[in-house]
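A short write-up of the structure that comes next.
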Amino acid sequence: MALIELKNLKVYYELRQGVLAKVLGGNREAVKAVDDVSFEVHEGEIFGIVGETGCGKTTLCKSLLLLIKPKGGQILFGDRNLLALNAKEVREFRREVQMIPQDPVGSLNPRMRIKAAVAEPLRAFSQVDPAGIEGQVDELLKIVDLSPEFKEKYPFQVSGGEARRVTVARSLALRPKLMICDEPTSGLDVSISAKIINVMRAIRDEFNLTYIWVSHNLHEINYISNRVLVMYLGKIVEIGKTSAVFKRPGHPYTQGLLMALPKLAGPSDSAEKKIYLKGEVPSPMNPPRGCRFHPRCEQKKSICMEVEPELAEVEASHQVACWRQRC
Amino acid sequence: MKQDLKLLEIQDLSIVYRVGNRAGRVVEKATIDLGPGEVLGLAGESGCGKSTLAWSILRLLPGNARIVGGTIRLEGRNLLELPEKEMNREIRGKRVTMIIQNTKESLNPVFTVGTQMSDLLRFHGKEDIPWTASVSPFRRARINKERHLECVRMLSEMEIAAPDKRFYEYPHQFSGGMKQRVMMAMNFMVSPALLIADEPTTGLDVSVEAYVLGLFKNKVRQYRTSVLYITHNLRILSEIADRVAIMYAGMIVEQAPVEELFRAPLHPYTRALIRCLPEGGSLGERLQEIPGQVPSIFERTEECKFLPRCPSRTPICSEVPPPDRKTSSSHSVLCHNPLEGS
Numbered sequence: 000m001a002l003i004e005l006k007n008l009k010v011y012y013e014l015r016q017g018v019l020a021k022v023l024g025g026n027r028e029a030v031k032a033v034d035d036v037s038f039e040v041h042e043g044e045i046f047g048i049v050g051e052t053g054c055g056k057t058t059l060c061k062s063l064l065l066l067i068k069p070k071g072g073q074i075l076f077g078d079r080n081l082l083a084l085n086a087k088e089v090r091e092f093r094r095e096v097q098m099i100p101q102d103p104v105g106s107l108n109p110r111m112r113i114k115a116a117v118a119e120p121l122r123a124f125s126q127v128d129p130a131g132i133e134g135q136v137d138e139l140l141k142i143v144d145l146s147p148e149f150k151e152k153y154p155f156q157v158s159g160g161e162a163r164r165v166t167v168a169r170s171l172a173l174r175p176k177l178m179i180c181d182e183p184t185s186g187l188d189v190s191i192s193a194k195i196i197n198v199m200r201a202i203r204d205e206f207n208l209t210y211i212w213v214s215h216n217l218h219e220i221n222y223i224s225n226r227v228l229v230m231y232l233g234k235i236v237e238i239g240k241t242s243a244v245f246k247r248p249g250h251p252y253t254q255g256l257l258m259a260l261p262k263l264a265g266p267s268d269s270a271e272k273k274i275y276l277k278g279e280v281p282s283p284m285n286p287p288r289g290c291r292f293h294p295r296c297e298q299k300k301s302i303c304m305e306v307e308p309e310l311a312e313v314e315a316s317h318q319v320a321c322w323r324q325r326c
Numbered sequence: 000m001k002q003d004l005k006l007l008e009i010q011d012l013s014i015v016y017r018v019g020n021r022a023g024r025v026v027e028k029a030t031i032d033l034g035p036g037e038v039l040g041l042a043g044e045s046g047c048g049k050s051t052l053a054w055s056i057l058r059l060l061p062g063n064a065r066i067v068g069g070t071i072r073l074e075g076r077n078l079l080e081l082p083e084k085e086m087n088r089e090i091r092g093k094r095v096t097m098i099i100q101n102t103k104e105s106l107n108p109v110f111t112v113g114t115q116m117s118d119l120l121r122f123h124g125k126e127d128i129p130w131t132a133s134v135s136p137f138r139r140a141r142i143n144k145e146r147h148l149e150c151v152r153m154l155s156e157m158e159i160a161a162p163d164k165r166f167y168e169y170p171h172q173f174s175g176g177m178k179q180r181v182m183m184a185m186n187f188m189v190s191p192a193l194l195i196a197d198e199p200t201t202g203l204d205v206s207v208e209a210y211v212l213g214l215f216k217n218k219v220r221q222y223r224t225s226v227l228y229i230t231h232n233l234r235i236l237s238e239i240a241d242r243v244a245i246m247y248a249g250m251i252v253e254q255a256p257v258e259e260l261f262r263a264p265l266h267p268y269t270r271a272l273i274r275c276l277p278e279g280g281s282l283g284e285r286l287q288e289i290p291g292q293v294p295s296i297f298e299r300t301e302e303c304k305f306l307p308r309c310p311s312r313t314p315i316c317s318e319v320p321p322p323d324r325k326t327s328s329s330h331s332v333l334c335h336n337p338l339e340g341s
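Chains as they are written, first to last, in numbering that gives the first Met the number 0: chain A, 0 to 326; chain B, 0 to 341.
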């Protein structure tokens, strides 16, 4: 069952404009950070989102939380259309969706003790009486494997991995249905990210959560997610079961990304012959005509430069937006 | 001359940081060597002392650091005894160069990339004519021209598109991956004997990272530069390094050729690190985490640093410091009970 569903979501960042341009009218220039994206996330799954810097991953996450107002499209959460909610309903909704931000230390108020930070959502939604809050905080910290002595510490006294677990505890406080994890392991050492991943998995099983897991670590996505979405310049280029996408990538971009992954087995498989993704991501302000990936694509045809491909099924629940798959 | 002449030999190097009136042991009895044209990967978690080790080769440690023992030999000369002046004139930026972690900070934002590159040639190039010398302006112009051409050639060698145009641009006009390639160009331009790369690809996207690494590898081969490559990403090392040294809490715990290390690690820590890495399609099993924490630099004792977290400890581990065992000519491990080819 779909927990959250996006239909043709568009998020544009409009640019500032001079007076003359305003008078003359015309379309305002905009960065199309998320352009016509539709997908659904099922209940209880871990949904991975991958893509390079600037492809719109974080914008997508923020618009799911209604932190950025989309320009068009629909977001359905259960039977509610999120973009039509009033302020009171939005507040209600925020209880059910939580985000684990990218920078854990930055997201904790440096003047608040850990216990205050974790208790804040409880207070804000007055879930429990003040006397019960302390106990709740203890319990939350225990869930993420932190000892109760952490309660009295300030954010600068804890390490990066611990701060990350504090933010996990805090987002768990209101028992959300959906958690959006924006690069939960970036900047952490391998042993510590292993710890975080294990904690997150245990929590998911215990509280029956759904995760949207954003990362540019493809190994991690491959390990943790059930389904994965590959984004390029604000568009979905491929979506499907993780095992299928990683084994039989259909889009040249996905193929390039996977090819770029260093493998632990060593450079045995002819490192020289590796195909690298050449060039840079074009500006999202005026994306290339036709397929957005065509300037970097080595398998492009003439149609790729003219018409934008749409997502099409290549096998059961595995869709690719590429002309090569069509003909 | 001996056949296996080493370019860099670091022996029993110990470095201490003074914090307040306490002394923290950051690097302890580290011994590594590097042959000409070899790429040695140095891996370990943050705070294990790998960057300190790298900066000590250039003797650019912060003021509260002291090298308390050991030697660093580059081409036979002990760098720790070299006068500061000679370090500047001959070693830093000449025989030994470094690509640092943060590319944004390593290029000066107020000068064009071209200026910064040709400055390098002015200071380190062969034809160094002082500004005060009376030289015909034509000759000066010719030298300037040559420098310019050299820089442009180097930029194009690093596969930067339109190098003549790019030469006149500022660092902010370059993307992260391009800046890193400019840094690489500047490093290879002075043809150093030893190149220290301290996590040069952190913060780059996987695709850009792979591309930059591939390019780096080719150039290292082309110029036969020795490289000390520091990273915490073991996967990168398996792509690029010939040999790998694993560092934990200031000590080199294991050293081996790259394939052997990943296939059959001997130190429990190395194995734990490898097992931490998520590999695809195995959601059924939990990732192996390493219990406990790295000991603080103030609490380091003579015994094995990994002891409290080690799954294969025995009573002897807490009594005798671990011996440095050589299991083959190229594989050494600092452990009482090395694992048997797992």
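Idealized CB from N, CA, C, for every residue including glycine.
Item	Value
Own chain partners of V67(B) with C-beta closer than 6 Å, once the 5 adjacent residues on each side are dropped	S13, V15
Bridge partner(s) assigned by DSSP for M322(A)	Per the sequence presented here, residue 322(A) reads as Trp, with Met not at that position. Its beta-bridge partners do not exist; DSSP assigns none.
Short-range partners of chain A found in the stretch 234 to 245 of chain B, where Cβ spacing is below 9 Å	R234, I235, L236, S237, E238, I239
9 Å Cβ cutoff met for P283(A) and L232(A)	yes
Cutoff 9 Å: R200(A) Cβ touching any chain B Cβ	yes
Residue burial classification, V109(B) (beta-carbon count within 10 angstroms, cutoff 16)	exposed
Nearest-angstrom Cβ-Cβ length linking P267(B) and C309(B), presumed shorter than 8 Å	5 Å
Residues sharing a beta bridge with G239(A), DSSP	V227(A), H317(A)
Exposed unless 16 or more other CB atoms sit within 10 angstroms - verdict on M199(A)	buried
is_contact[M258(A), chain B] using C-beta, thresh 9 Å	yes
Near-chain A residues of the stretch 3 to 36 of chain B - C-beta to any C-beta below 8 Å	none
Same chain, Cβ closer than 7 Å to A270(A), neighbours up to 5 away in sequence not counted	Residue placement at A270(A) cannot be trusted, given a pLDDT of 49 that sits under 50; the coordinates are not used to answer.
Cutoff 9 Å: Y210(B) Cβ touching any chain A Cβ	yes
Anticipated Cβ contact below 8 Å, D197(B) with A53(B), distance rounded	6 Å
Beta-carbon spacing of L276(A), G255(A) below 9 Å	yes
Short-range partners of chain B found in the stretch 169 to 193 of chain A, where Cβ spacing is below 7 Å	D188, V189, S190, A193
Cβ of F261(B) within 9 Å of any chain A Cβ	yes
M304(A) (DSSP reduced to helix, strand or coil)	helix
Opposing strand residues paired with G68(B) [DSSP bridges]	S13(B)
Whole-angstrom distance between S50(B) and I229(B), CA atom to CA atom	7 Å
is_contact[T52(A), chain B] using C-beta, thresh 9 Å	yes
Within-9 Å CB hit, K277(A) to chain B	yes
For S269(A), three-class secondary structure by DSSP	With a pLDDT of only 48 at S269(A), under 50, the local geometry of the prediction cannot be trusted, and no value is derived from it.
Neighbour-count burial assignment, F261(B), 16 or more Cβ in a 10 Å radius	buried
contact_flag[the stretch 28 to 48 of chain B, the stretch 230 to 244 of chain B] where n(CB pairs < 8 Å) is 3 or more	yes
Within-9 Å CB hit, L286(B) to chain A	yes
Which residues DSSP lists as bridging L75(A), in chain order	E4(A), N80(A)
For A248(B), the three-state DSSP class (helix, strand or coil)	coil
Contacting residues, own chain, Cβ-Cβ under 7 Å from S317(B) (five flanking each side not counted)	E302, L306
Y350(A) and I179(A) closer than 9 Å at C-beta	Residue 350(A) is absent from the model: chain A starts at 0 and stops at 326.
Contact list for D204(B) against chain A, beta-carbon separation under 7 Å	E51, T52, H215
Minimum Cβ-Cβ distance from H250(A) to chain B less than 9 Å	no
Under the three-state DSSP convention, the category P251(A) falls into	helix
Within-9 Å CB hit, S45(B) to chain A	yes
Interface flag, P321(B) vs chain C, CB-CB below 9 Å	In summary, chain C is missing from the structure at hand, where the protein chains are A and B.
Residues near Q16(A) in its chain [Cβ-Cβ closer than 7 Å; skip 5 each side]	R27
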